[in-house]
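Mapping the sequence shown onto the numbering used here, position 78 (from 1) lands on 78, and the numbers just tick up by one.
We put the beta carbon where it would ideally sit given N, CA and C, even for glycine.
Bear in mind the structure is a predicted one, so any value in this text is a computation, not a measurement.
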Amino acid sequence: MINKESIGKMKDGVVLANIARGAIIDEAVLPEMIKSGKIGAFGSDVFEHEPEVSPELYNLPNVVSLPHLGTHSIEASRNMEEWVVENIESYIKTGKVKTIVAEQKVLF
Numbered sequence: 001m002i003n004k005e006s007i008g009k010m011k012d013g014v015v016l017a018n019i020a021r022g023a024i025i026d027e028a029v030l031p032e033m034i035k036s037g038k039i040g041a042f043g044s045d046v047f048e049h050e051p052e053v054s055p056e057l058y059n060l061p062n063v064v065s066l067p068h069l070g071t072h073s074i075e076a077s078r079n080m081e082e083w084v085v086e087n088i089e090s091y092i093k094t095g096k097v098k099t100i101v102a103e104q105k106v107l108f
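Pasting the structure below:
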């Protein structure tokens, strides 16, 4: 987790980006760290409590926040479509899906 302590070990003016998971950064400390100059700029397309984002954070001029776009590219959509077809074909042929999610394990 990236928190006040770990940010304190970074160079002053660091550029921090989170494109992984919202919970890996302690968002409560970001406004303070950005205003102090410890973080020079921050960008993210994920937030811990989406869709709620701290107005104090996103109103800062050196913060860029985007909606989470990870699965909204043409390539990602095509891959998901192919996975669906492959899973249907696999289930018809073998009775098993190729890419199972944890919630479905009890079904197969």
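Which residues in the same chain have their Cβ closer than 7 Å to the Cβ of residue i, if we skip the five residues on either side of it in sequence?
i   : result
W83 : T99
Report the CB separation of residue i from residue j in whole angstroms; it is logged as a contact under 8 Å.
i   : j   : result
G22 : E50 : 6 Å
Less than 8 Å between C-beta atoms, sequence neighbours within five positions excluded: which residues of the same chain meet that for residue i?
i   : result
T71 : S77, M80
Between the C-alpha atoms of residue i and residue j, what's the straight-line distance to the nearest angstrom?
i   : j    : result
N47 : V15  : For the record, residue 47 in the displayed sequence is Phe; it is not Asn. About 17 Å.
E32 : P67  : 23 Å
V29 : L69  : 25 Å
S44 : Q104 : 31 Å
L60 : A102 : 39 Å
K93 : A20  : 36 Å
N18 : L107 : 35 Å
Need the endpoints of the beta strand (DSSP E) that residue i sits in, please.
i   : result
V84 : Premise fails: V84 lies in the alpha helix (DSSP H), 74-94, not in any beta strand (DSSP E).
Fill in: Entirely enclosed beta strand (DSSP E) segments - the stretch 31-60, minimum 3 residues
39-44
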